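Chains as they are written, first to last, in the numbering used here: chain A, 883 to 1140; chain B, 883 to 1140; chain C, 12 to 311; chain D, 12 to 311.
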Amino acid sequence: MSKAVKKNVAIQKVEQLSSDIFSMYLVDASIANQAKAGQFISLYSQDGSNLLPRPISICEIDQEEGTIRLVFRVVGKGTKEFSKLQAGDTIAAMGPLGNGFTLEGQKAILIGGGIGIPPMLELAKQLHAKGVEVQAVLGYRDALFLNDEFEQYGKVYISTEDGSVGTKGNVIDAIKEHGLMADMIYACGPNPMLRGVKAYAMEQNIRAQISLEEKMACGIGACLACVCKSKEKDAHSHVHNKRICKDGPVFYCEEVEL
Amino acid sequence: MSKAVKKNVAIQKVEQLSSDIFSMYLVDASIANQAKAGQFISLYSQDGSNLLPRPISICEIDQEEGTIRLVFRVVGKGTKEFSKLQAGDTIAAMGPLGNGFTLEGQKAILIGGGIGIPPMLELAKQLHAKGVEVQAVLGYRDALFLNDEFEQYGKVYISTEDGSVGTKGNVIDAIKEHGLMADMIYACGPNPMLRGVKAYAMEQNIRAQISLEEKMACGIGACLACVCKSKEKDAHSHVHNKRICKDGPVFYCEEVEL
Amino acid sequence: MNTAVTIAGVTLKNPVVTGSGTFGSGKEYSDFVDLNKLGGVVTKGVANIPWAGNPTPRIAETASGMLNAIGLQNPGIDVFVQRDIPFLQQYDTKIIVNVCGKSVSDYCEVVERLGDEKVDLLEINISCPNVKEGGIAFGQNPRAVEEITSELKKRAKQPIIMKLSPNVTDITEMARAAEAGGADALSLINTLTGMKIDVDKRAFALANKTGGLSGPAIKPVAVRMVYQVANAVNLPIIGMGGIMTAYDALEFLMAGATAVSVGTANFTNPYATVEIAAGIEEYMKRNNINDIKKIIGCVK
Amino acid sequence: MNTAVTIAGVTLKNPVVTGSGTFGSGKEYSDFVDLNKLGGVVTKGVANIPWAGNPTPRIAETASGMLNAIGLQNPGIDVFVQRDIPFLQQYDTKIIVNVCGKSVSDYCEVVERLGDEKVDLLEINISCPNVKEGGIAFGQNPRAVEEITSELKKRAKQPIIMKLSPNVTDITEMARAAEAGGADALSLINTLTGMKIDVDKRAFALANKTGGLSGPAIKPVAVRMVYQVANAVNLPIIGMGGIMTAYDALEFLMAGATAVSVGTANFTNPYATVEIAAGIEEYMKRNNINDIKKIIGCVK
């Protein structure tokens, strides 16, 4: 298991991808060397009124360069502050945290919804490198981001709520429209999307790994803030709860109730 | 009366004068044009956990350049933050606030103690320009700052608690040692020093304007946090309290109880 | 779009009023904000005679908050009536006079004195120590709350808003006591009692040892109490406690407050009151809400 | 230099212990801090049977604070005894078990079950709703505080620390009730009850509507209550409430606490506990204080 530390990390660059989506590159060899696709990093605000770290999923890992890329949406004071940082600044970070995806199968559908898209990029890269056929299905409300970067790893299918690009509707609509097949589904996005993915995977009898999100405090499994309902009694909690930050964020869809 | 506004102001430069004393130049023509020696500026922290502005006395005013200089001591989170600002940054500021000194007399003793020294510099400059003889008596705990800058306006006498420079002891010891005479005393510094100045001025029968300090909230006379005891019932408060931020910070020593 | 709200028959053009003690009687802040743009101005507490207040230091900064122990310094009702009320009458805003006292008769004297004055509402600060009861605040004892409310109600010519103390086990008990005493409205929360120690000086940060904690730090406690009280009594509520932004104000309105007081925020931003009023309108526009009444108590 | 303090006969190597519920049973944070450097570890509350806790969202961030409504999820005393106690016994630190329940008998069952275990102190969380009394917390009623304290005292083999709720009119009344019931020590403050509303969603931020407010926001209230209680009873106090730094901890010690709990700070800085312990030593060195007892209650 990766051993997380909290430390100040150098920022290589911060780029704006869309009106509210930003891309941040952190320079830290030990984090880069430990990190797995689907894990996350906790970033800490410098504003004394913000006590809790912001968990941000890892978008890309470059072990040669010793860098990791985080792509996040500006949703509040903390992420706003992060979006204003520049090359040369440092930021307090802890990670890598969580379990990450397990790479399996031969033909995969990678489903990302909104800010659930970034972790799919590193996963697509690693699956592609393993020779797994990657089909990326990316769901957006409106403005696209990162979609071009998936092209190099496989076919990319897009759904937008307003129908401005690709399938009008959600990611499941896109999968059905294109009749995509797979022996493994990987998904990250809002709970309603994940419910749809789970239902689809069950009905199609395809295994699915889904990455969950919840408000977090400690990020390491101590505080029990970010739990999800588990199908079986959990071995650690001895109740039907699993810790998203520690036991997850990635679960096989049949393990959890959404 | 000057009309204060709160706005973001450009920082021209920030310099370190000693281990914990910093000098900040702000670019704002309207503040510079209204400001008087002895007034102060409220500076606001960007950290959301700091709600109250920090009142900083004006050290120098340059109306041609449209700049004002503030010299402050790092005593906490807020001033620490200010000390790290750089040319090109902006800072939220409100001012000029308070009444300022009244320029009178022909031969003046200007007494500054510690962080009460900065406002004396602009005063010395203005008195000197008016043809008033300036004698500056500067009291330090140990490390000196700003003392060289007074030389151009008059004679400078120094007292240090540790005796490392000038008179060993306090500013009154220095005045007595050098037998300084004057028809007006101006003083700013800690209350114990001001008590000594008041006593000395009374006994020598010299008029004295003293600038007081107290914890402030609004900075404009509304909240009644920063009051001092007044000899007579105050016309505004109708009790024996005056508002340092609004009725002061400068008072004739006989007006206030220290 | 309608942003007007009504409290005890008095209509405020918008739900934003000032927080007592942070805004004087409006004169100082009138250099920064147009008082005509406020729903009302709540004055600093006024007593039957001048009060000198506490020694300094009277305030201390805390994390996202501040402690104050001003000690209700005020010039007394006579000066207030001849100087402060005429000043506020120049503006098109409601005048809400905050009243303090050391005994029931002190309060009664002020309220009676204001009977013929052109003021719209009276806010009664019952967090003052009740000298007769050995200094426990009126607002911490339901019988005392009901008694002072009914005594004032007998004498007041204007509607009375009882300002509740949060330093109690059950805020709804105090709200019900005020309602039983005939209160026309409630305002909450007053400050939480706190203390700060200067570790380097090994001394209290405030000359008074304890002070009242205000600011965003206490907002969650304030929103909770407003929600509890809104669901416990049938009186309009002026909600307050750490409101810095329009979104903070909207939290209180959604929890059940009819209006909000903006206090400590004035120290951080002298334009806070008018910016918050404008921000509420902007939120209503963005969300196609044509009447602010649709926001009040909408979260259940 | 002596940093050791004694609570009910149990000597802690330094006054810093963890805050219940923020630190699990120490396992997760042992990757970040050397538990041997702590005065003690206060475990997450444990009940007689496993509790599933509340639905999510269970937390919300507030200004210099956070709200939590975890709902005391815990695996129950059986798992705790066989898994968590042995883990903590590997370390040279005191084991303080936090106990929760829904009825007096729940608490008694846990306390009796711990009688033969190698734990040093029991901290009793009486801010849990008392089901028999319709959900008002034990800690908000002095008779309930005295009763549960004496019932537990009859059964406990280890000294008991009663953890007081700050959501009361008079904290000293609760402290005296605990003392009358035979408490060996007190810890305070537990969280202040708060609420947050998501203005864009027009919904409560917490699934439970209300939660417990912790963090620096509440420190002034906590220091005030510790000071009041230290001057009202003759019991050692573990002070807590928003301690982020050594200076924060020193405020509590100077106000009269014998030890301090560091809770929410762990989320902001996983190294907080050991850094605070080191910072207290550093302060003592700098000020030539050879015994921490000279700091405790030094501000009067």
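Heads up, the beta-carbon is just placed ideally off N, CA and C, and yes, glycines get one too. Every value quoted in this text rests on a predicted model; they were computed, and no experiment measured them.
Inset, instruction - With 7 Å as the threshold, decide whether the Cβ of valine 205 (chain D) is near any Cβ in chain C. - result: The question names valine, yet the displayed sequence has glycine at residue 205 (chain D). Cβ-Cβ to chain C under 7 Å: yes for glycine 205 (chain D).
Inset, instruction - Would you be able to state if there are at least three C-beta pairs under 8 Å between the segment 88-104 of chain D and the segment 219-231 of chain D? - result: no
Inset, instruction - Taking isoleucine 128 (chain C) as the reference, give the member of C:Gln100, C:Val44 and C:Glu162 with the closest Cα. - result: Just to set this straight, residue 128 (chain C) is glutamate in the shown sequence, not isoleucine. Of the listed residues, the one whose Cα sits closest to glutamate 128 (chain C) is C:Gln100.
Inset, instruction - Quick one: give me the first and last residue of the beta strand (DSSP E) that isoleucine 1092 (chain B) is part of. - result: 1089-1093
Inset, instruction - In angstroms with no decimal places, state the Cα-to-Cα distance between glutamine 945 (chain B) and serine 905 (chain B). - result: 18 Å
Inset, instruction - Check whether the Cβ of asparagine 137 (chain D) lies closer than 7 Å to any Cβ atom in chain C. - result: Residue identity check: residue 137 (chain D) is isoleucine in the sequence provided, not asparagine. No, its Cβ sits nowhere closer than 7 Å to a Cβ of chain C.
Legend entry - Among C:Ser161, C:Lys230 and C:Gly87, nearest to glycine 193 (chain C) - alpha-carbon criterion: C:Ser161
Inset, instruction - Please go through the same chain and pick out, in chain order, the residues whose beta-carbon is closer than 6 Å to the beta-carbon of alanine 15 (chain D), but skip the five residues on each side of it. - result: Thr22 and Lys24
Legend entry - CB contact check: serine 75 (chain D) to chain C, cutoff 7 Å: Interface residue, yes.
Legend entry - serine 176 (chain D) beta carbon less than 7 Å from that of glycine 150 (chain D): yes
Legend entry - Minimum Cβ-Cβ distance from isoleucine 300 (chain D) to chain C less than 7 Å: no
Inset, instruction - Quick one: list the residues of chain C neighbouring valine 210 (chain D), beta-carbon separation under 8 Å, in chain order. - result: Tyr258, Leu261, Glu262, Met265 and Tyr294
Legend entry - Any alpha helix (DSSP H) of 4 or more consecutive residues that is wholly inside the segment 243-290 of chain C: 257-266 and 276-279
Inset, instruction - Report the partner residues of alanine 1069 (chain B) according to the DSSP bridge assignment. - result: Per DSSP, the beta bridge partners of alanine 1069 (chain B) are B:Ile993 and B:Ile1092.
Inset, instruction - Please work out which residues of its chain come closer than 6 Å, Cβ to Cβ, to alanine 266 (chain D), disregarding the five sequence neighbours upstream and downstream, and give them in chain order. - result: Val234, Val237 and Tyr238
Legend entry - isoleucine 973 (chain A) - containing beta strand (DSSP E), residue span: 972-979
Inset, instruction - Scan the segment 123-135 of chain C for residues whose Cβ lies nearer than 7 Å to a Cβ of chain B and list them as they occur along the chain. - result: none
Inset, instruction - Identify every residue that forms a DSSP beta bridge with methionine 906 (chain A). - result: A:Val896 and A:Leu952
Inset, instruction - Provide the residue span of the alpha helix (DSSP H) that contains serine 927 (chain B), from first to last. - result: Here serine 927 (chain B) belongs to no alpha helix (DSSP H), and DSSP marks it neither H nor E.
Inset, instruction - Please determine if the segment 887-894 of chain B and the segment 968-976 of chain B are in contact, where contact requires at least 3 C-beta pairs separated by less than 8 Å. - result: yes
Legend entry - Contact set between lysine 962 (chain B) and chain C, taken where Cβ atoms lie within less than 7 Å: In chain order: nothing, as chain C lies at least about 14 Å away.
Inset, instruction - Have a look at proline 97 (chain C) and glycine 970 (chain B) and give me their C-alpha separation to the nearest angstrom. - result: It is roughly 46 Å from the alpha-carbon of proline 97 (chain C) to the alpha-carbon of glycine 970 (chain B).
Legend entry - Through-space distance from asparagine 141 (chain C) to arginine 124 (chain C), alpha-carbon basis: 21 Å
Inset, instruction - With threonine 202 (chain C) as the anchor, note down where its alpha helix (DSSP H) starts and where it stops. - result: Segment: none, threonine 202 (chain C) is in no alpha helix (DSSP H) and carries neither H nor E.
Inset, instruction - Under 8 Å between beta-carbons, which chain B residues line up against proline 281 (chain C)? List them in chain order, please. - result: Lys888, Met976, Cys1100 and Ile1102
Legend entry - Residue nearest to valine 52 (chain C) in terms of C-alpha spacing, selected from C:Gln84, C:Asp95, C:Ala191 and C:Ala71: The shortest C-alpha separation from valine 52 (chain C) is found at C:Asp95.
Inset, instruction - Measure the alpha-carbon distance for glutamate 1031 (chain B) versus leucine 1003 (chain B) and round it to whole angstroms. - result: 8 Å
Inset, instruction - Assign aspartate 302 (chain D) to buried or exposed, taking buried as 16 or more other Cβ atoms, counted over all protein chains shown, within 10 Å of its Cβ. - result: exposed
Inset, instruction - State yes or no: is the beta carbon of valine 891 (chain A) nearer than 7 Å to at least one beta carbon in chain D? - result: Taking Cβ atoms only, chain D never reaches closer than 7 Å to valine 891 (chain A), which makes this a no.
Inset, instruction - Indicate whether at least one CB of chain C lies closer than 7 Å to the CB of serine 1093 (chain B). - result: no
Inset, instruction - Please name the residue, chosen from C:Pro281, C:Cys309 and C:Val273, that lies closest to arginine 213 (chain D) on a Cα-to-Cα basis. - result: Nearest option by C-alpha distance: C:Cys309.
Legend entry - Buried versus exposed, by CB contacts within 10 Å (16 or more), threonine 17 (chain C): With fewer than 16 Cβ atoms within 10 Å of its Cβ, threonine 17 (chain C) is classed as exposed.
Inset, instruction - With 8 Å as the limit, tell me which residues of the segment 52-76 of chain C have their beta carbon closer than that to any beta carbon of chain B; keep them in chain order. - result: So the list reads Lys55, Pro61, Trp62, Ala63, Gly64, Thr67, Pro68, Arg69, Ile70, Ala71, Glu72, Ala74, Ser75 and Gly76, given in the order they occur along the chain.
Legend entry - Rounded separation between valine 28 (chain D) and methionine 185 (chain C) - CA only: 37 Å
Legend entry - Beta-bridge pairing of aspartate 209 (chain C) - partner residues as DSSP gives them: BP columns for aspartate 209 (chain C) point to C:Ala214.
Inset, instruction - Could you check the C-alpha separation between valine 956 (chain A) and aspartate 902 (chain A) for me, to the nearest Å? - result: One C-alpha to the other measures close to 5 Å.
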